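Each residue of the sequence shown is one higher than the one before, counting from 212 in the working numbering. To start, the structure itself, in structure tokens.
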Amino acid sequence: VILSDHGSINLVSDESMWIVDSGATLHVTPRKEFFTSYTSGDFGVLKMGNDGVSKVIGVGDVCLQTNMGMQLLLRGVKHAPDVRFNLISM
212 VILSDHGSIN
222 LVSDESMWIV
232 DSGATLHVTP
242 RKEFFTSYTS
252 GDFGVLKMGN
262 DGVSKVIGVG
272 DVCLQTNMGM
282 QLLLRGVKHA
292 PDVRFNLISM
């Protein structure tokens, strides 16, 4: 439980942070610069938990550096500029 007397809570302040989301069905990011390989096109839309939709305009691979110095390669990451967070599907 998060309590705050402010009007909003910023859960992720660093736009390069990724959230591991057990409710996500795929990896997704709004940031094109994260991709190490990329194919642009019309890849449909994502339906989000708030019943909103976001157009997928690209797909590719993203290589992440872990805090233990290891690299994690995510394949088939969707590029959806309207999503708010970088999500890793579990």
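A virtual CB, placed ideally from N, CA and C, is assigned to each residue, including glycine. None of the values given here were measured: they were computed from a predicted structure.
Status (buried if at least 16 other CB within 10 Å, exposed otherwise) for residue i
| i | result |
| --- | --- |
| residue 304 | The structure shown does not extend to residue 304, since the chain spans only 212 to 301, so no value can be given for it. |
| residue 230 | exposed |
| residue 218 | Low per-residue confidence applies at residue 218: pLDDT is 47, beneath 50, and the placement is therefore not dependable enough to give any value. |
| residue 234 | exposed |
N-terminal and C-terminal residue of the beta strand (DSSP E) that residue i is part of
| i | result |
| --- | --- |
| residue 264 | 264 to 266 |
| residue 294 | Counting along the chain, residue 294 falls outside any beta strand (DSSP E), and DSSP gives it neither H nor E. |
| residue 257 | 256 to 258 |
When the options are compared against residue i, the one with the closest alpha-carbon
| i | options | result |
| --- | --- | --- |
| residue 326 | 271, 285, 255 | Nothing about residue 326 can be reported from this structure: the residues present for the chain run from 212 to 301 only. |
| residue 255 | 264, 236, 247, 248 | 264 |
| residue 261 | 295, 301, 238, 299 | 295 |
DSSP beta-bridge partners of residue i
| i | result |
| --- | --- |
| residue 250 | 270 |
Exercise for review: Starting from the N-terminal side, write out each stretch of the beta strand (DSSP E) that is 3 residues or longer and does not extend beyond the stretch 221 to 248.
Suggested key: 229 to 232
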